[in-house]
Structure formats: structure tokens, C-alpha cells
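Chains as they are written, first to last, in our numbering: chain A, 1 to 238; chain B, 239 to 719.
Think of the CB as a built atom: it goes at the ideal place given N, C-alpha and C, for glycine as much as any other residue.
The block underneath contains the structure these notes are about, expressed in C-alpha cells.
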Amino acid sequence: MPAPRTTGIGYNGAMKILVMEDDREAADYLEKAFAEAGHTTHVAGDGETGFALADSGDYDVMVVDRMMPRRDGLSVIAALRSRGNTTPVLILSALGEVDDRVTGLRAGGDDYLTKPYAFTELLARVEVLNRRASARESETVYRAGDLELDRLSHTVKRQGQEIVLQPREFRLLEYLMRHAGQVVTRTMLLENVWDYHFDPQTNVIDVHVSRLRGKIEKGFDKPILHTVRGAGYMLKAG
Amino acid sequence: MPAIMKTTAARLSALYFLLFALCAVLLVFYMTSLSARMLTGQTQDTINDEVLGLARAYQRGSLPLLVRVVEQRSRQPGANLYLIADANGQILTGNVQSLEPGVLDTEGWTTRPFSYHRFGEGELERQRDAPSQPGAKASEGEMGHNAIALVLRLPNQMIMLVGRDLGEPERFRAIVRQALMLALGMMGLGGLLIWFFVGRAALKRIDGVSEASRRIMGGDLAGRLPVTGAGDEFDRLSENLNAMLARIAALNEGLKQVSDNIAHDLKTPLTRLRNRAEAVLSGRHKVADYRAALESTIAESDHLIKTFNAILMISRLEAGYSSESLAKVDLAAAVADVVELYEPVAEEAGVAIETAVNGTFIVDGNRELIGQALSNIVDNAIKYSLDAAGGKPAVRVGLERKGGEVLLTVADNGQGIPDAADRARVTERFVRLEKSRSQPGSGLGLSLAKAVMKFHNGRLDLLPGDPGLSVVMGFPERMDH
Numbered sequence: 001m002p003a004p005r006t007t008g009i010g011y012n013g014a015m016k017i018l019v020m021e022d023d024r025e026a027a028d029y030l031e032k033a034f035a036e037a038g039h040t041t042h043v044a045g046d047g048e049t050g051f052a053l054a055d056s057g058d059y060d061v062m063v064v065d066r067m068m069p070r071r072d073g074l075s076v077i078a079a080l081r082s083r084g085n086t087t088p089v090l091i092l093s094a095l096g097e098v099d100d101r102v103t104g105l106r107a108g109g110d111d112y113l114t115k116p117y118a119f120t121e122l123l124a125r126v127e128v129l130n131r132r133a134s135a136r137e138s139e140t141v142y143r144a145g146d147l148e149l150d151r152l153s154h155t156v157k158r159q160g161q162e163i164v165l166q167p168r169e170f171r172l173l174e175y176l177m178r179h180a181g182q183v184v185t186r187t188m189l190l191e192n193v194w195d196y197h198f199d200p201q202t203n204v205i206d207v208h209v210s211r212l213r214g215k216i217e218k219g220f221d222k223p224i225l226h227t228v229r230g231a232g233y234m235l236k237a238g
Numbered sequence: 239m240p241a242i243m244k245t246t247a248a249r250l251s252a253l254y255f256l257l258f259a260l261c262a263v264l265l266v267f268y269m270t271s272l273s274a275r276m277l278t279g280q281t282q283d284t285i286n287d288e289v290l291g292l293a294r295a296y297q298r299g300s301l302p303l304l305v306r307v308v309e310q311r312s313r314q315p316g317a318n319l320y321l322i323a324d325a326n327g328q329i330l331t332g333n334v335q336s337l338e339p340g341v342l343d344t345e346g347w348t349t350r351p352f353s354y355h356r357f358g359e360g361e362l363e364r365q366r367d368a369p370s371q372p373g374a375k376a377s378e379g380e381m382g383h384n385a386i387a388l389v390l391r392l393p394n395q396m397i398m399l400v401g402r403d404l405g406e407p408e409r410f411r412a413i414v415r416q417a418l419m420l421a422l423g424m425m426g427l428g429g430l431l432i433w434f435f436v437g438r439a440a441l442k443r444i445d446g447v448s449e450a451s452r453r454i455m456g457g458d459l460a461g462r463l464p465v466t467g468a469g470d471e472f473d474r475l476s477e478n479l480n481a482m483l484a485r486i487a488a489l490n491e492g493l494k495q496v497s498d499n500i501a502h503d504l505k506t507p508l509t510r511l512r513n514r515a516e517a518v519l520s521g522r523h524k525v526a527d528y529r530a531a532l533e534s535t536i537a538e539s540d541h542l543i544k545t546f547n548a549i550l551m552i553s554r555l556e557a558g559y560s561s562e563s564l565a566k567v568d569l570a571a572a573v574a575d576v577v578e579l580y581e582p583v584a585e586e587a588g589v590a591i592e593t594a595v596n597g598t599f600i601v602d603g604n605r606e607l608i609g610q611a612l613s614n615i616v617d618n619a620i621k622y623s624l625d626a627a628g629g630k631p632a633v634r635v636g637l638e639r640k641g642g643e644v645l646l647t648v649a650d651n652g653q654g655i656p657d658a659a660d661r662a663r664v665t666e667r668f669v670r671l672e673k674s675r676s677q678p679g680s681g682l683g684l685s686l687a688k689a690v691m692k693f694h695n696g697r698l699d700l701l702p703g704d705p706g707l708s709v710v711m712g713f714p715e716r717m718d719h
């Protein structure tokens, strides 16, 4: 693993991203913003071009707008999947109903973000989707510095000392450790740990995280669960 | 005429009339042909009897007796016909003066009725007609009577014909035909009358519906189709169309409200956003000030996006979601999830959350939406229990079955909303009661919860607690429960 740079947010190595977006201005903005975070971006202005690029190029992540001229996003994704293309896809959509999300994920998308969105949210999700970073799914023990989480025995240890967590706190830490070194937003936590896809009105997630932080940091000298201002959280040793 | 035929009633009347007429004609023809065959059979029996009598006379006294009997019977009045002719067909004796040529050529029953003239009667007619119509002989055949007969050849090659006049069956047939014409005429008249009364009544009501719909299309959106109260298909149609119009009106109203809300409640923060950016741009500031201004701009935009999403969500829910998004949802699990989510926040604020849930409470619903509505309500309850008059602020969440409903109650022990009108108003979009203005929030939380409950065919009620406020989410119980 290359040494993480700290200039961008939760940065885990440069990615090659394919953006399928017909709105020129939005696409330019994404290209610029991704470049600032250290990623290379290719832009396709319609579904057919997007399909051709995705089919020939080797991308780490694709960001696909649902509504595009010539060919809609879902059909492009379905066609790519049927050709054996497994590149992670984040679907961008102006449609935000519960059913739309389900349809999008069923068509082969890996994540779904409703417009308008904050770029920090998009960046965090894209970096988490990066297939080179997602190899941890199969690991049974997650380690970050002196923190260790055993997914089979449901135990958490720091510096060899066992820490007792509630089931939800365990799932929260499990998700944070799976994406150690990456920014995880509050909505990502709500989605992946609680399986809810709405914005809670108050800072419910923050309180859960600060409780967890208390348990894994209290009595230890080094902080390990960091707050990334304006974005979310990151679990990182050192 | 084509305009009249454009009405369904006229078309149906005409069609029924034609069908009935066809059936009547077929029936009458069947009846007359059946009775004609019966009458012919009877006539043939009579002729057979006559022939038998003559045959006996021939056996007893040979030809002279036969001729005598024939002459004797010919003189008697009646419908029977007798004729004896020589081998060439020349009439020798009998009561037939003349008959259609060719009748005597073939032996046996005549295949069809033939016309003939009788002695005496034909003379009389001819005498009567002669002075005025000298050429009447030409029409002799047409003026004659019809008869059927049995033609026999005697052993000496002479021809004997025994027949019977068909006057009676002919008259019968004429009567039946007359009756048929009369019946058809009456049916035609009946059809016209039915069309006139039934058709016109139906037409009038349909015209009423058309007129009302034209008025509605013309802009009278509050207008409704006439319902007579007869409960017939026209009323049912009108009622359904009225229900549809009411639904459209409600959706329209919702849409109007959304645009009003967007105009009023999104314009204000947008203006604020703009003014702040403008203020920072004018004049000289430190870099840190610019950064702070940009950050607050982003925060304000995020808030706007959230508000906008909530408005869209509410109107989509109110417009009716597809029922496909409904599945079995355990409300007990939903309560456990949301309470677990809010428990740390509550604890931090010093609010105790108690749950009174026993067993599972399965309803048809959308877990996501129920979770969102419930979290809005629990969020409110935590906030407003903080101003509890006495004792520790607490929120109680309960689940029970009552009167065909599953009731999910979230009660706080805060100040509550004492005024019933305020309680009704607070679920409207962007309505925030005075004392809650200081609290963070968009004023959409309860509206969203209400829309979610409406989507679930349920209800959202705000009841005065003792103390505080009870928010009741009433879900219809599942049918198979």
C-alpha cells in the first residue's frame, strides 16, 4: 500500500475514474475536483460513448448518471455487467425515491447517490468503491495499527487488551476498519450500519461515533478514529 | 337522421328491431308452412277417401256406374273436384270446366297447387264480366281457384281426377300474413317509442355529463358530474369520475402548495445566501473570513438541498407511491432500530427513552419510510421533552393493536401543544409553532411523517398527553392477521 497522502481527503492511491455525465458543466467540475484529489478522470457525454469507453478501458470506478442521451445509465450498466465487466459503479440520479435506488442497484450499480450531492460525499463513496481497496471483504481479522477486530469471534482488542462493544458499536467499528484510511461519511455509516437511507435531522451518528471513540481511545495515548471536517470520519493509525 | 343514428340508444333500438323482425318473420314462415303441410295432408286424406268410394263404384258397375257417381257427386256443392277425361285429356264429365294445362299428363298427386275453373261459377263470372270486359278470357287462369288433386289413369286409358279446392288453407295463409304485417308494424312503432323515451332519457343524462365535463375543462375545477341518486350505472360512472376529479384536484392542490412553499420558504434562505456572498465580496477581508463565508455558504446550501429533498419526498408520497414498494415490516423491529439510533443522543441530552413493545407487529409497509417518519417523530419528542415541567424528561414509545389498527405511539412529557388548532396545523408543511422557532429544523419533519402515514393508508394523530404530546401512527392491520 502506498503511503497515504494527506493533502486530499481520505486518499488511497490514484484512481482512474470514468464519469458518464451529459451535463458538460457538472462533468468539468467533477473532472477538476477528482484531479485535485489526485485521480484521473475520463468523461463520456452520452451513454453510447460511455459504454464504448467502459468496455475498452480499465477503470477503477465508474460514476454514471442515470439520465443520458442516446442510452440511459441503467441500460449501460446492465450491458456492461452482462459482458462480464465488474468495475464498481456509482449511480448519480436526480430521482431519489426508495424504489429508484432499488432499481439502480438491481441493474448492477454498487452505490447510489441522489442529486444534488456534496462532492465530499461523492469522493468518499467513490474511494470506498475502488476495487483495489475493497479486498478486505474476505478478511476475517481487520487490523489498523494496534487495533484488531476479529469478525468471527466478534472481539476487539487494542494493544492486546480486549474492548467490550455493543453489537451496533461492533458493526460501526467493523465498517470503519474495513475502510481504514478512507473517509466515511455520516450517510454512509447510516446506510451501511443501520441500513437506512435518509438524513437524520440531528447528529445521531456523531454521538454513536463519539461513544465508540471513547471506548477505543480511552486509556490509549494515540487517537485512532479521526473526524474529517466537513466530510465525516476516518479510522487511521498513526 | 345520421345525427340521430349517432346515439347509442337509436342504434340499439334499430338493431333490436331488426333482430326481432327477423325472428318474427322466420317464426311466421315456419308456422304457416307447418300448418299448410298439415292442411294439405288433411286434404289429401279427404281425396283418398273419395277415390276409395269411386274405386268401389268402378268395381261394382264398371265405367258407366263410375261416370254416374261422378256426375252425381259433381252436382253436390262443396270443395271436392271430379273430372273424367278421355285418353287425350278432353274433359268428358265432372264439375271442372277447365284447368291448367299439363295437370292431367302425369299420374299421381299433383306436385303443386294448380288453378282451375268450375262449372257454373265460371259461367256466371264470364256472363257477368262479358259485357264490360270482352277480353276477360285471357285472365281466366289468374282468376281461377287453386286446388290439389290425385290423377289416375283408368284401365281403358281414360283419365280420372279427384281433387279439392284449397280455398280454406289459402285464406288461412292470408290471415297469417296480415297478422305478420300488423305485428311488424307494431314492433316498428314500439321500437320507435322505446328509442324515443329510453334513448332520449339516456341521451339527456349523457349530455348532462358531457356538459359538466366541458364546464370542468373550461376551468370550473370545483365542478362535479351530476348524480341523480338512482344508483344505476350512470350514477356509478359519475361517482367514479367525481372521485377521480377529487383526487386530481387534491394532487393539483398539493402541487400548488409545493410551488407556493418553494417560492416562500426557499427564496428566503436563497436570498440570505446571496446577500452573504455579496457582503463578503464587497470590501476587504482576510483570507480566513473568505473561507468562513464559503463554509457557511456550503452549510446553508446543504440545508437547502435537504429541505428541497424533503419537499419532493412529501409530494411524491402524497401523489401515491407504487404499491410494489410495500412489504412486510415488523414495527417492533422498526421501533427497536430507531430507538437504538436515537438512544445515545437522548442520553446525552438527559432524556430517557422507554419502550413498551411486546411481540411482533407486522404491517404492510416500507421499512425505509417508516424508519424515517418514526425518527422524525422521536427526534421531535426528544427535543420537546426537554422543557418538561417537572421530573425527568422522558419519551415513551409503545405499540398496540386496537380496533383493526396497529398503533405506534410516541409520547413525551414536555409542554405539549395545548391548542387543538395548533396540533392540527403543525403537520402542515413549513408550519413551526412560535416556541419551536428557536429549535433547529425545517418544519417538514411532521409533514413528512404525515405523508408517510397517508402513503400507508394510515393516519397520524397528535393527541394531548398528560403532560406533553402523544403522536400516534395508526397503521391498518394486515388482512390475514
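CB contact check: residue i to chain C, cutoff 8 Å
| i | result |
| --- | --- |
| residue 449 of chain B | Protein chains A and B are contained in the structure displayed, whereas chain C is not. |
Within chain B, partners of residue i - CB distance below 8 Å
| i | result |
| --- | --- |
| residue 198 of chain A | 606, 609, 610, 613 |
Per-residue burial, residue i [other beta carbons within 10 Å of its own, 16 or more giving buried]
| i | result |
| --- | --- |
| residue 230 of chain A | exposed |
| residue 309 of chain A | Since the first residue shown for chain A is 1 and the last is 238, residue 309 of chain A is missing from the structure and cannot be characterised. |
| residue 88 of chain A | buried |
| residue 10 of chain A | Its pLDDT being 41, under 50, residue 10 of chain A is placed unreliably in this model, and the coordinates cannot settle the point. |
| residue 413 of chain B | exposed |
| residue 178 of chain A | buried |
| residue 15 of chain A | buried |
| residue 448 of chain B | exposed |
| residue 456 of chain B | exposed |
| residue 52 of chain A | exposed |
| residue 236 of chain A | buried |
| residue 675 of chain B | Note that residue 675 of chain B scores a pLDDT of 47, beneath 50, so its modelled location is shaky; the value from the coordinates is reported in the next line. With fewer than 16 other Cβ atoms within 10 Å, it is exposed. |
| residue 435 of chain B | exposed |
| residue 471 of chain B | exposed |
| residue 287 of chain B | exposed |
| residue 257 of chain B | exposed |
| residue 36 of chain A | exposed |
Within chain A, partners of residue i - CB distance below 7 Å
| i | result |
| --- | --- |
| residue 543 of chain B | 116 |
| residue 586 of chain B | 207 |
Integer-rounded CB distance, given that residue j should sit under 8 Å from residue i
| i | j | result |
| --- | --- | --- |
| residue 429 of chain B | residue 255 of chain B | 4 Å |
| residue 597 of chain B | residue 631 of chain B | Actually they are not in contact, since the Cβ atoms of residue 597 of chain B and residue 631 of chain B sit about 28 Å apart, beyond 8 Å. |
| residue 616 of chain B | residue 633 of chain B | 7 Å |
| residue 601 of chain B | residue 713 of chain B | 4 Å |
| residue 397 of chain B | residue 342 of chain B | 5 Å |
| residue 580 of chain B | residue 204 of chain A | 6 Å |
Interface partners of residue i on chain B, CB under 7 Å
| i | result |
| --- | --- |
| residue 168 of chain A | 578 |
| residue 211 of chain A | 582 |
One or two residues paired with residue i in a DSSP bridge
| i | result |
| --- | --- |
| residue 603 of chain B | B:565 |
| residue 16 of chain A | A:40 |
| residue 228 of chain A | A:232 |
| residue 653 of chain B | According to DSSP, residue 653 of chain B bridges with nothing at all. |
| residue 384 of chain B | B:353 |
| residue 402 of chain B | B:318, B:386 |
| residue 711 of chain B | B:646, B:698 |
| residue 161 of chain A | A:158 |
| residue 552 of chain B | Partner(s): none; residue 552 of chain B has no beta bridge. |
Per-residue contacts from residue i into chain A (C-beta, under 9 Å)
| i | result |
| --- | --- |
| residue 575 of chain B | 194, 195, 196 |
Chain-ordered neighbours of residue i on chain A, where CB pairs are closer than 8 Å
| i | result |
| --- | --- |
| residue 540 of chain B | 118 |
| residue 458 of chain B | The premise fails here: residue 458 of chain B is roughly 34 Å from chain A at the closest Cβ pair, so nothing lies under 8 Å. |
| residue 556 of chain B | Simply none; closest approach about 13 Å. |
Quiz item: Does the count of Cβ pairs from the segment 114 to 126 of chain A and the segment 176 to 187 of chain A closer than 8 Å reach three?
Solution: In short, these stretches touch, since the Cβ pair count reaches three.
Quiz item: With contact counted as at least three CB pairs below 8 Å, one residue from each stretch, are the segment 656 to 664 of chain B and the segment 696 to 710 of chain B in contact?
Solution: With a cut-off of 8 Å on Cβ pairs, the segment 656 to 664 of chain B is in contact with the segment 696 to 710 of chain B, counting three or more such pairs.
Quiz item: Do the segment 15 to 24 of chain A and the segment 51 to 71 of chain A meet, that is, are 3 or more Cβ pairs less than 8 Å apart?
Solution: Flag = yes, the segment 15 to 24 of chain A and the segment 51 to 71 of chain A touch.
Exercise. Report yes or no: do three or more beta-carbon pairs, one from the segment 507 to 516 of chain B and one from the segment 529 to 546 of chain B, lie closer than 8 Å?
Key: With the cut-off at 8 Å, the segment 507 to 516 of chain B and the segment 529 to 546 of chain B touch.
Quiz item: Taking one C-beta from the segment 689 to 699 of chain B and one from the segment 601 to 613 of chain B each time, how about it: are there three or more such pairs within less than 8 Å?
Solution: Two segments are said to touch when three or more pairs of C-beta atoms, one from each, lie closer than 8 Å; by this definition the segment 689 to 699 of chain B touches the segment 601 to 613 of chain B.
Quiz item: Within the chosen definition, does the segment 263 to 277 of chain B reach the segment 208 to 224 of chain A through at least 3 CB pairs nearer than 8 Å?
Solution: Taking a cut-off of 8 Å for Cβ pairs, the segment 263 to 277 of chain B and the segment 208 to 224 of chain A do not touch, as fewer than three such pairs fall below it.
Exercise. Kindly confirm or deny that the segment 483 to 490 of chain B and the segment 452 to 466 of chain B touch, where touching means at least three C-beta pairs closer than 8 Å.
Key: Yes, the segment 483 to 490 of chain B is in contact with the segment 452 to 466 of chain B.
Quiz item: Can you find at least 3 beta carbon pairs, one from the segment 75 to 91 of chain A and one from the segment 101 to 119 of chain A, that sit closer than 8 Å?
Solution: Output reads yes: the segment 101 to 119 of chain A touches the segment 75 to 91 of chain A.
Quiz item: Taking three-plus beta-carbon pairs below 8 Å as touching, is the segment 323 to 330 of chain B in contact with the segment 411 to 427 of chain B?
Solution: Cβ pair count under 8 Å is below three, so no.
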